[in-house]
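Numbering (the working numbering), first residue to last: 155 to 335. All C-beta atoms, glycine included, are put in the ideal place defined by N, C-alpha and C.
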Amino acid sequence: MNYSKTVKEEASLYCTFTGFRIFSRGFEALCQLRDNRVFSRVNIRFLPARRENFMYYLLKFLVKDYDKIIFWGLLNDEAPITLNIVNNNNVKMIEKLKNSSLRKIELGNTGFTAFTDSIEKAEKITGKIYSYLFQVKDNTTLITINRMDDWIRVVGVMRENSVKDTLNLLVRLGEVMKTLK
Numbered sequence: 155m156n157y158s159k160t161v162k163e164e165a166s167l168y169c170t171f172t173g174f175r176i177f178s179r180g181f182e183a184l185c186q187l188r189d190n191r192v193f194s195r196v197n198i199r200f201l202p203a204r205r206e207n208f209m210y211y212l213l214k215f216l217v218k219d220y221d222k223i224i225f226w227g228l229l230n231d232e233a234p235i236t237l238n239i240v241n242n243n244n245v246k247m248i249e250k251l252k253n254s255s256l257r258k259i260e261l262g263n264t265g266f267t268a269f270t271d272s273i274e275k276a277e278k279i280t281g282k283i284y285s286y287l288f289q290v291k292d293n294t295t296l297i298t299i300n301r302m303d304d305w306i307r308v309v310g311v312m313r314e315n316s317v318k319d320t321l322n323l324l325v326r327l328g329e330v331m332k333t334l335k
């Protein structure tokens, strides 16, 4: 699978420009959106699994190491909420957030749990992205919105439709954030 080609094709639905920066391990794509109503820019970073070692291929199914993809959407305004939506398979992150000052919200049968500082706003957001959560359930591990930052971050696993589905979720989250002001 040619990841850079996939990113460029899927990003072209929302972006006028997609540029790439290559790192020693993976690459990052910078996307300028057609209109700046939601985000001023979107960054997509691809981090491949470590394949330098021959043992990787033998142990691939045991270690469950996947190619990772991280999306950042730079909001035009400050985020009005701190919200972490965690895939229920990410037990370590759920335990970490349980011990924080954030309050927990169960998100039904979506396969996600939310932790927030504002239950009312979190329920509005999750209600508007509920169907998107089902689409990304198998390839997204964490969605983070932080009141202190102006980024929305989505962390996931690279699969065939993960770029398209995750980018759709990110743009929808940005649109929902605009309505919360």
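Check, Outcome
"ASN238 (DSSP reduced to helix, strand or coil)", "strand"
"3-residue-minimum beta strand (DSSP E) runs that sit fully inside the stretch 233-321, ordered along the chain", "237-241, 257-260, 266-270, 294-299 and 305-311"
"The stretch 223-241 contacting the stretch 260-277, beta-carbon criterion three pairs below 8 Å", "yes"
"Integer Cβ distance of GLU182 from VAL317, believed to fall under 8 Å", "The pair is not a contact, with the Cβ atoms about 14 Å apart (cut-off 8 Å)."
"Presumed contact (8 Å Cβ cut-off) between LEU187 and ARG195, rounded CB distance", "7 Å"
"Nearest to GLU329 (by Cα), restricted to the options GLY262, ILE283 and SER178", "ILE283"
"DSSP state of ARG195 mapped onto helix, strand, coil", "strand"
"Span of the beta strand (DSSP E), counted from its first residue to its last, around LEU229", "222-229"
"Cβ pair LEU296, VAL309 closer than 7 Å", "yes"
"Outcome for ASP189 when other beta-carbon atoms lying within 10 angstroms are tallied against a minimum of 16", "exposed"
"For ASN293 and ASN253, the rounded distance between their alpha carbons", "25 Å"
"Nearest-angstrom Cα separation, counted from THR320 out to LEU334", "21 Å"
"Alpha-carbon spacing of GLU277 relative to VAL325, whole angstroms", "18 Å"
"CA-to-CA distance, VAL290 to LEU323, given in whole angstroms", "8 Å"
"Closest residue to ILE224 among LYS332, MET331 and ARG313 (Cα-Cα distance)", "ARG313"
"In DSSP terms, what ARG175 is bridged to", "GLU182"
"N-terminal and C-terminal residue of the alpha helix (DSSP H) that TYR168 is part of", "Run containing TYR168: none; DSSP gives neither H nor E here."
"Nearest neighbour of LYS258, chosen from ILE239, THR264 and ASP221 [CA to CA]", "ILE239"
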